[in-house]
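Everything on this sheet refers to the single structure shown next.
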Amino acid sequence: MKTIKVAQACLAAATVCLIAGPVQAQTPVQQAASPYPGIDLTVMHVQVILDHLGFGPGVIDGRGGASLKSALIGFQTANKLPKTGEIDKATLAALNPYREVRPVALVKLTAADVAGPFVGVMPKDPADQAKLPAMAYRTPTEKLAERFHTTAGVLVALNGPQAKVAAGQVVKVPGIAVASTAYPETLKPEWRETLSSLSVDARQPAADHIIVDKSDGVLRVYDKQEKLVAQFPATMGSEHDPLPIGNWKIQGAAYNPPFHYNPDLFWDADSSDKKQLLQPGPNGPVGVVWLDLNKPHYGIHGTPSPETIGRAESHGCIRLTNWDAARLSLMVKPGTPAKFQP
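The sequence shown begins at 1 in the numbering used here and counts up by one.
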């Protein structure tokens, strides 16, 4: 997908978009009227930059919330700033070198950008899902939203309800950009295509170990020097399936995996359910990737519902957005330690 130009609203509002000028006059952050209903362009710009730097804010929506606060604390920790969780003066100064990463961009859609298959309304029953040829995106809009780490609702807010997601159309999207798609040649072409479709940059830091912290709902990635190099919001465990506290290891990865539904492993399964095989796809129960742990039936994986990360429960596993799970898969390798703590 080719970026055409930066949204004019961004160019006209340097304070909102952090794109020019000194930052010392921006505490508290100055607000300007947004041309997009319900979207604060300052917040969206910070979200896009944090996402670019590997401190995932969850869904990019131009709104504050717990995921953005956690991402800010992660960025502040990595940069030895006061851990306020706020878009404050010191944080703006640290983000300012990355201001070329724009909050909103215009893109012209190609036929490949909106190509299916699409499933329309996704059935809820596993037996009906097993009949689908793929657990694919529901619509071209959902596919586009995942590519730019957002939701269909945000795309509607940016473009208006009458905008079309079709080849040849120019649409506004969060300014997610990929510098490199030179993914390892050892990865299968289908997985490299998935990485590209999720706007995952090929250049990622190598993880020495990861820590999953239940207390603040994040997964942290550290290098050999114990430096925090990435952080992602996560959903982990529930009352019925608590997070397995302890020291584990990542054993390997399954890319674009099918899902073997076994009702015996789900406390909330219907008594009439039978085992089913669901075909691969981004809307499968584990999303686009499964990172297997050395604890049976447990792993780190994607999700078909990125907006629920940190706001819902899991069946004991660690759920990330599809794009964060895909990004993490480039950081870890078999044997990477994974510590789960309260």
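Ideal Cβ positions, reconstructed from N, Cα and C, are used throughout, including at glycine.
This structure is a prediction, so every number in the text was calculated from the model and none was measured.
Burial state of residue i, where buried means 16 or more other Cβ atoms lie within 10 Å
| i | result |
| --- | --- |
| ARG327 | buried |
| GLY287 | buried |
| HIS301 | buried |
| ALA325 | buried |
| ALA105 | buried |
| PRO133 | exposed |
| HIS149 | buried |
| MET91 | In the sequence under discussion, the amino acid at residue 91 is Thr, which differs from the Met named in the question. Burial call: buried. |
| PRO37 | exposed |
| THR84 | exposed |
| THR321 | buried |
| ILE245 | exposed |
| GLU142 | buried |
Sequence-distant residues of its chain with Cβ nearer than 7 Å to residue i (five each side left out)
| i | result |
| --- | --- |
| PRO233 | GLY56, GLY58, SER67, SER70, GLY217, VAL218, ILE309, GLY310 |
| ASP208 | TYR222, ASP223, LYS224 |
| PRO337 | HIS209, ASN247, LYS249 |
| GLY64 | VAL43 |
| ILE176 | VAL48, ASP51, PHE148, HIS149, SER199 |
| ASP125 | none |
| GLN204 | ARG327, LEU330, MET331 |
| PRO280 | ALA134, MET135, ASN256, PRO257, PRO258 |
| GLY120 | ARG138 |
Residue i vs residue j beta-carbon contact at 8 Å
| i | j | result |
| --- | --- | --- |
| LEU158 | VAL173 | yes |
| GLY299 | ASP292 | yes |
| GLU185 | ASN256 | no |
| ALA127 | GLN276 | yes |
| VAL156 | VAL107 | no |
| LEU72 | ILE87 | yes |
| GLU307 | THR139 | no |
Nearest-angstrom beta carbon gap, residue j and residue i [assumed within contact, 8 Å]
| i | j | result |
| --- | --- | --- |
| LEU165 | LEU144 | Here residue 165 turns out to be Val, not Leu, going by the sequence shown. Yes, VAL165 and LEU144 are in contact; Cβ-Cβ is about 6 Å, under 8 Å. |
| VAL212 | PHE118 | Wrong, their Cβ atoms sit about 33 Å apart, outside the cutoff. |
| VAL200 | TRP323 | 6 Å |
| SER305 | ALA253 | In fact, because the Cβ distance is near 21 Å, the residues do not count as touching under 8 Å. |
| PRO103 | VAL48 | 5 Å |
Proximal residues to residue i (C-beta, below 6 Å), its chain only, five neighbours per side dropped
| i | result |
| --- | --- |
| LEU109 | ALA167, GLN169 |
CB contact check: residue i to chain C, cutoff 8 Å
| i | result |
| --- | --- |
| ASP273 | The question asks about chain C, but that chain is absent: this structure has only one protein chain. |
Could you give the uninterrupted runs of the alpha helix (DSSP H) lying entirely in the stretch 28-65, keeping only those of 4 residues or more? 41-53
So within the stretch 185-272, which uninterrupted alpha helix (DSSP H) runs reach at least 4 residues, ignoring any that extend past its ends? 189-197
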